[in-house]
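Sequences listed follow chains A and B, in order. For the first sequence, numbering that gives the first Met the number 0 assigns the number 228 to the last residue and increments by one with no breaks. For the second sequence, numbering that gives the first Met the number 0 assigns the number 110 to the last residue and increments by one with no breaks. Heads up, the beta-carbon is just placed ideally off N, CA and C, and yes, glycines get one too. Keep in mind it's a predicted model, so treat the numbers as computed, not measured. Since the structure comes first, as structure tokens, the remarks are kept for the end.
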Amino acid sequence: MHIPDGYLGPATSGFFYAVMLPVWIFASRIVKKALKAKQVPLLGIGAAFSFVIMMFNVPIPGGTTGHAVGGVLVAILLGPWAACIAVTVALVIQALLFGDGGVTAIGANCFNMAFVLVFAGYYAYRLMTVKTPINSNWRAIAAGIAAYIGINIAAFCAGLEFGMQPLFHRTVTGQALYCPYGLKISVPAMMGEHLLVFGWVEAIVTALVIKYLQKQDPALLEVMKEAQS
Amino acid sequence: MKTITKLYIGLGILAVLTPLGLLIPDHFKAGTAWGEWGVDEIKELVGYVPKKLEKLSELWKAPLPDYAFKGWEEKGMAHLSFAYIVSAVVGICIIAAITMLIGKLLAKREN
Chain A
0 MHIPDGYLGP ATSGFFYAVM LPVWIFASRI VKKALKAKQV PLLGIGAAFS FVIMMFNVPI
60 PGGTTGHAVG GVLVAILLGP WAACIAVTVA LVIQALLFGD GGVTAIGANC FNMAFVLVFA
120 GYYAYRLMTV KTPINSNWRA IAAGIAAYIG INIAAFCAGL EFGMQPLFHR TVTGQALYCP
180 YGLKISVPAM MGEHLLVFGW VEAIVTALVI KYLQKQDPAL LEVMKEAQS
Chain B
0 MKTITKLYIG LGILAVLTPL GLLIPDHFKA GTAWGEWGVD EIKELVGYVP KKLEKLSELW
60 KAPLPDYAFK GWEEKGMAHL SFAYIVSAVV GICIIAAITM LIGKLLAKRE N
């Protein structure tokens, strides 16, 4: 889901930087209010986890590859605004250091994976666990479902961003200037692979880690109760 | 053991296991992620390279492109796996450090 340089036109790239700028500013304000000093190591681990889990490419035999993002997991533990910052750091370093995702597409990639994925997943989880006890199995399952929802909405957004390019940018002869595939190809491609394969990877990873933390340190799952109204 | 320590160990284990994310797709002959093709692959897929895409794709030269060392592209899976683990460790350290620095600057002192 890491859109490289050259796939998005300047209008799209600029638009998503413009959208993300206030999100990042707002995120740092919220985190300033809600994050406790003792949560800082967990924030670092969350960002690093998101980075490393994205390196586990999962194949569709004979087809493409994809991976989990881990953003919903971080949001469940530290709240969506802190998760937004954590995944943003991971995505920026991926772009700058490893060329994974374009530098011009950082705004769009952060919109998809650090904002849409994180918030959609977080609120889905909250809705599903309003009255659920901390140690209930349902929490781990709900986290998995929420992660599945989050990554698929993000994939849908990425599909839209890819697919809009041929509408905006073409040569007189009809050749695309940026992403060559339109919405009719990009949206089903992005959605299909995430609904069928990569979404499940995200769901299982998220559910397993939540299950582990329920046993290891259940207090981690309560933290956000006080920090989030 | 403290949870944080265990999670750090978990990250270390994941870093060592990252080559699975390289070897398993290779084994199943799975290619590039959708929409992340290089210029050559695009040419094969659509028959031409979109002009601006070609230009912009050269914009940024990453120091560890695709989690590998420059010039190691042809060296085979063992070398690539090694570079992949190094990339994972470097990435984890830098990302954890930057995020914790941001967190420290923002977080409340008390508690």
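- In the DSSP assignment, H78 of chain B falls within the alpha helix (DSSP H) that extends over M76 to L105.
- DSSP places A61 of chain B outside both helix and strand once states are collapsed to three, so it counts as coil.
- Close to chain A, meaning a Cβ-Cβ distance shorter than 9 Å, are the following residues of the segment 25–36 of chain B: D25, H26, F27, K28, A29, G30, T31, A32, W33, G34, E35 and W36.
- In the three-state DSSP reduction, P58 of chain A falls in the strand class (E or B).
- For the 8 Å CB-CB criterion, T17 of chain B and I97 of chain B do not form a contact.
- Considering only A:A141, A:E221, A:Y16 and A:L90, the residue with the shortest C-alpha distance to A46 of chain A is A:L90.
- Interface flag for L182 of chain A against chain B is unset, since no Cβ pair is found closer than 8 Å.
- Near chain A, meaning a CB-to-CB distance below 9 Å, the residues of the segment 51–65 of chain B are K51, L52, E53, K54, L55, S56, E57, L58, W59, K60, A61, P62, L63, P64 and D65.
- At least one CB atom of chain A sits nearer than 8 Å to the CB of L105 of chain B.
- In terms of beta-carbon proximity, L41 of chain A lines the interface with chain B, with at least one pair separated by less than 8 Å.
- About 4 Å separates the CB atoms of G98 of chain A and P64 of chain B; that is less than 8 Å, so the two are in contact.
- In this structure, the CA atom of I3 of chain B is about 29 Å from the CA atom of A153 of chain A.
- Contact check between the segment 60–77 of chain A and the segment 112–131 of chain A: three or more CB pairs, one atom from each, fall below 8 Å, which counts as touching.
- In this structure, the CA atom of P179 of chain A is about 6 Å from the CA atom of P165 of chain A.
- A Cβ-Cβ distance of about 6 Å is found for the pair H1 of chain A and E35 of chain B, placing them in contact under the 8 Å criterion.
- For I29 of chain A, the uninterrupted alpha helix (DSSP H) run begins and ends at P9 to A33, by DSSP.
- It is roughly 42 Å from the alpha-carbon of L100 of chain B to the alpha-carbon of G61 of chain A.
- Under the Cβ criterion of 8 Å, Y6 of chain A is counted among the residues facing chain B.
- By the Cβ rule, the segment 9–29 of chain A does not count as touching the segment 56–73 of chain B, because fewer than three pairs are nearer than 8 Å.
- Think of a sphere of 7 Å around the beta carbon of M99 of chain B: the chain A residues whose beta carbon falls inside it are V39, P40, L42 and G43, in chain order.
- Here G5 of chain A carries a coil assignment [DSSP, helix/strand/coil].
- By the Cβ-count criterion, P24 of chain B is buried, with 16 or more other Cβ atoms from all chains shown falling within 10 Å of its own Cβ.
- Just so you know, the alpha carbons of K1 of chain B and Y147 of chain A end up roughly 30 Å apart.
- The CB of L79 of chain B never comes closer than 9 Å to any CB in chain A; the least such distance is about 12 Å.
- At a cut-off of 8 Å between beta carbons, I8 of chain B makes no contact with chain A.
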